[in-house]
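Protein chains: 2
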Amino acid sequence: MSKSLSRRSFLKKAAGVGAAFPFVERFPEVFIRKRTSVSSIPIILCSRGEEWGKKVMTPGWDLLSGTGDLLDAVEKSANVVELDPEDMSVGYGGRPNEEGVVQLDACVMYGPTHNCGSVMALENIKTPCSVARLVMERTDHIQLVGEGALRFARAHGFTEANLLTEEARLRWLKWKENLSDKDDWFPPADGKYEHEEEDEERTNGTINVLAVDKNGDVAGITTTSGLAWKIPGRVGDSPIIGAGLYVDNEVGAAGATGRGEEVIRTCGSFYVVERMRGGMSPQEACESICKRIVDINGGPVKVKFTDKFVAVNKNGEVGCAAIMGKKGKEPKASFMTEDGIKVIKATYLIEKPEEDD
Amino acid sequence: MSKSLSRRSFLKKAAGVGAAFPFVERFPEVFIRKRTSVSSIPIILCSRGEEWGKKVMTPGWDLLSGTGDLLDAVEKSANVVELDPEDMSVGYGGRPNEEGVVQLDACVMYGPTHNCGSVMALENIKTPCSVARLVMERTDHIQLVGEGALRFARAHGFTEANLLTEEARLRWLKWKENLSDKDDWFPPADGKYEHEEEDEERTNGTINVLAVDKNGDVAGITTTSGLAWKIPGRVGDSPIIGAGLYVDNEVGAAGATGRGEEVIRTCGSFYVVERMRGGMSPQEACESICKRIVDINGGPVKVKFTDKFVAVNKNGEVGCAAIMGKKGKEPKASFMTEDGIKVIKATYLIEKPEEDD
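Sequences listed follow chains A and F, in order. Using my numbering, the first residue of the first sequence is number -19, and each one after it goes up by one. Using my numbering, the first residue of the second sequence is number -19, and each one after it goes up by one.
Below you can see the structure in the form of structure tokens.
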């Protein structure tokens, strides 16, 4: 086991930086909680800042603020980013696995029935969250994975498509050709690639969409293309009920993005919802899971990754906290109410060092 | 949503009985806790009674009571039932999916590192828990599913085999031929099948193996062939960290068997471990999740399924509770310590009616 542990540490170190991280001992004063102390429902929240937030939440908000259905609202919102090839961490256009194949994960949970649905390693279908919803509604199961999930999607009339955009293929090819000098793949003779300007870090993009309707009913979706260049079949926290998403109609909802393995082994979103049930505000609950993950990893000096949590309670209070952030470039989330769109800056535990920008 | 809910209810009703269930308002006096109040470590526990318990736990106990490794102990024990074709709910010989294909799920979690590994819908490999262990030890991921999991197993030298025994094939064929009179499959003209004497209910067998070593370190495995006749790609709670299994080295471990969908949507095993962290005994914690599941389903009259939880804390105290049981035929678990093997009768919430035997 120690062998396994040290290899993981090595990998994280190799992907991050050598220097010790400055550690913010406590989360900074939570101005968010104050700002949102006058909470309101209906509300829709997404784990992105204003630009994506507006695009993603608008169709959901249109339903929620009218006579639309709660589940339709979160689905239509999540579909926006799934269908957009410009987002390279969710749905169509997502970064592929190590073999250049895009495999998508998503789940949905619906408070009034406490039911849920999930698909994992789904290929060829642009809107995995819609397939997850059908698993919930049209089967007696919760989770379908791999080939079985694809066949189920076909049975329900989803159109198959090549999910690998040229942009994603070129990034993957660059990674593949520069992976090692012990294989037979060469980079271009002049070393130049298109899209050279973009950062090439292995993102865990993902998106969470959470909503509370006029009646105080709660629902949520998490959808992702998962870790770029992953081993085929790898599934992170996103489609796992309790990890990447949890909804409880008595309490509220929570979702996670970032390094999924850490969220899986701490049951992150369920942890957040249970802390809210115990009396914490959404903000406090999001901060508590970040602390828990850092603790499990042996403290801030051992942590070379980040996770971000968002949460909303039944009253429409929201929270957002991350493990890592940077002053002036805080991780963000956003939400819509009848007052329009507002951006939340996450509180965070560890100041990201300069060179890791 | 109401449509989905009512179909689920219908299916459960169809599989169960029509009559209202007598409800045991509180769990009966917990004699187990008393019996095991003098707890001892090392200890190994499995979610089966004496016969299977002895077979399964012996190799693990031999390691734990000597100088063997904790993780080897739970793996070797779980391998016993995975490799045994006579068990039709785990590993080789497990009941196949609706197309006659055996797909296995398993996970492992190791307290000292809080690391875990999982495989889902793995075909052709008899020992999925050993593959899950390698996912934990030899990748930076936790979960591999479907074809990707199989290829990973091949890469690590696992031998492929046909997992469908004649016994399991015949049962599947009987189910298939009697599924509907609107398809083109006929039962035999005389209606007779081999193995007619066996019950043909859709079992959720599964096994949990939990252990605490001399140092108080904790580990666990859950392994299963999943629900018989499931939709291809369906995955239950067994390989989900926090659902079918959870281990926390500060607290103990818990595992679940039974209807997996209920355990997924309540994060059952994590719930048990968190209750133990909060001060409950393993027995109380197992009972608390059973109550929670019944509550979420709208109370005992709505519950036509069962789940069983087992737990052990760091001190070697054990617990076992189920949703449904029958006086004189209580669900069982067993454990081994230096005092030999002991059987635990589960406490339960709902008395199983006669006709459901």
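Positions of the beta carbon are idealized from the N, C-alpha and C atoms, including for glycine. If you're wondering where the values come from, they're calculated on a predicted model, not measured in any experiment.
Does the distance from the CB of S314/A to the CB of I303/A come in under 9 Å? Contact flag unset, no.
Does DSSP classify T38/F as helix, strand or coil? DSSP places T38/F in helix when its eight states are reduced to three.
Between the CA atoms of L63/A and L29/F - distance to the nearest angstrom: It is Gly, not Leu, that sits at residue 29/F in the sequence shown. Counting only the Cα atoms, L63/A lies some 51 Å from G29/F.
Is there contact here, the segment 144 to 153 of chain F with the segment 122 to 133 of chain F, by at least three beta-carbon pairs under 8 Å? Remark: fewer than three beta-carbon pairs, one from each stretch, lie closer than 8 Å, so the segment 144 to 153 of chain F and the segment 122 to 133 of chain F are not flagged as touching.
Euclidean distance between Cα positions of S288/F and C270/F: The question names Ser, but residue 288/F is Lys in the sequence shown. In a straight line, the C-alpha of K288/F is about 8 Å away from that of C270/F.
Cut-off 7 Å between Cβ atoms - residues of its own chain near G91/F, not counting five sequence neighbours on either side: Counting only Cβ-Cβ distances below 7 Å, and skipping sequence neighbours, we find D197, V198, A199, V227, D228, N229.
Using the DSSP secondary-structure output, state which residues sit across from T204/F in a beta bridge. T204/F pairs with D85/F.
Does any C-beta atom of chain F lie closer than 9 Å to the C-beta of G120/A? According to the sequence shown, residue 120/A is Asp rather than Gly. Yes - at least one Cβ of chain F is within 9 Å of the one on D120/A.
Going straight from the alpha carbon of E117/F to that of E174/F, what length do you get? Cα to Cα, E117/F sits roughly 44 Å from E174/F.
Given this structure, state the Cα-to-Cα distance separating E66/A from I330/F, to the nearest angstrom. One alpha carbon belongs to E66/A, the other to I330/F, and they sit about 53 Å apart.
DSSP three-state assignment for K325/A, whether helix, strand or coil: Of the three classes helix, strand and coil, the one that applies to K325/A here is strand, per DSSP.
Nearest to E242/F by CA position, among T246/A, M256/A, G222/A, G240/A, is which residue? Checking every option, the nearest Cα to that of E242/F belongs to G222/A.
State yes or no: is the beta carbon of N293/F nearer than 9 Å to at least one beta carbon in chain A? No, N293/F does not count as interfacial toward chain A.
How do the segment 76 to 87 of chain F and the segment 208 to 225 of chain F stand: do at least 3 beta-carbon pairs fall below 8 Å, yes or no? Yes, since at least three Cβ pairs between the segment 76 to 87 of chain F and the segment 208 to 225 of chain F fall closer than 8 Å, the two stretches touch.
With 9 Å as the threshold, decide whether the Cβ of H94/F is near any Cβ in chain A. Among the residues facing chain A, H94/F is included, as its CB has a counterpart in that chain under 9 Å away.
Are there 16 or more other CB atoms within 10 angstroms of the CB of G97/A, so buried, or fewer, so exposed? G97/A should be labelled buried.
What's the C-alpha gap between V323/A and L50/A? Pairing V323/A with L50/A, the inter-Cα distance amounts to about 22 Å.
Determine, using beta carbons only, whether A265/A and N188/A come nearer to each other than 9 Å. No.
Using beta carbons (cut-off 9 Å, strictly below), is A86/A in contact with chain F? Chain F contact via Cβ: absent.
List the endpoints of the continuous alpha helix (DSSP H) containing M304/F. Per DSSP, M304/F lies in no alpha helix (DSSP H); the unbroken beta strand (DSSP E) holding it starts and ends at 298 to 305.
With a cut-off of 9 Å, does the C-beta of N195/A fall near any C-beta of chain F? No, because no Cβ of chain F sits closer than 9 Å to the Cβ of N195/A.
Return yes when at least one heavy atom of the ligand GTP lies under 8 Å from the C-beta of G185/F, else no. You won't find the ligand GTP in this model; it holds no ligand whatsoever.
Just the C-alpha distance for V192/A and G248/F, rounded to the nearest angstrom, thanks. Cα-Cα distance, rounded: 25 Å.
Helix, strand or coil at L159/A according to DSSP, with G and I counted as helix: The answer is coil: DSSP assigns L159/A none of H, G, I, E or B.
Quick one, which residues of the segment 19 to 32 of chain F are near chain A if we go by CB-CB under 8 Å, in chain order? Of all residues in the segment 19 to 32 of chain F, none is placed with a Cβ closer than 8 Å to any Cβ belonging to chain A.
Measure from the alpha carbon of N295/A to the alpha carbon of each residue in A326/A, M260/A, E310/A, then state which is nearest. Out of A326/A, M260/A, E310/A, the CA that lies nearest to the CA of N295/A is found in M260/A.
Using three-state DSSP, classify A223/A as helix, strand or coil. The answer is coil: DSSP assigns A223/A none of H, G, I, E or B.
Can you tell me whether H136/A is buried or exposed, with buried defined as 16 or more other CB within 10 angstroms of its CB? Exposed, by the Cβ-count rule.
Which of helix, strand or coil does DSSP assign to D287/F? D287/F: strand per DSSP, three-state reduction.
Is the CB of N104/A under 9 Å away from at least one CB in chain F? Look at N104/A: its C-beta is not under 9 Å from any C-beta on chain F.
So the alpha helix (DSSP H) S244/A belongs to, where does it begin and stop? What sits at residue 244/A in the sequence shown is Ile, not Ser. Segment 240 to 244, the alpha helix (DSSP H) holding I244/A.
So, is the C-beta of Y226/A closer than 9 Å to a C-beta in chain F? Under the Cβ criterion of 9 Å, Y226/A is counted among the residues facing chain F.
Going by C-alpha distance, which of V111/F, M256/F, T107/F, L144/F is nearest F132/F? The shortest Cα separation from F132/F among V111/F, M256/F, T107/F, L144/F belongs to V111/F.
Distance, N77/A Cα to V231/A Cα: Rounded to the nearest angstrom, the two C-alpha atoms are 36 Å apart.
Near-chain F residues of the segment 193 to 222 of chain A - C-beta to any C-beta below 9 Å: So the list reads L207, K210, I211, P212, G213, R214, V215, G216, D217, I220, I221, G222, given in the order they occur along the chain.
Excluding the 5 residues flanking A0/A on each side, which residues of the same chain have their C-beta closer than 7 Å to its C-beta? At A0/A, the pLDDT of 40 sits below 50, so the modelled position is not reliable; the number obtained from the coordinates is stated separately. Taken in chain order, the residues that qualify are V281.
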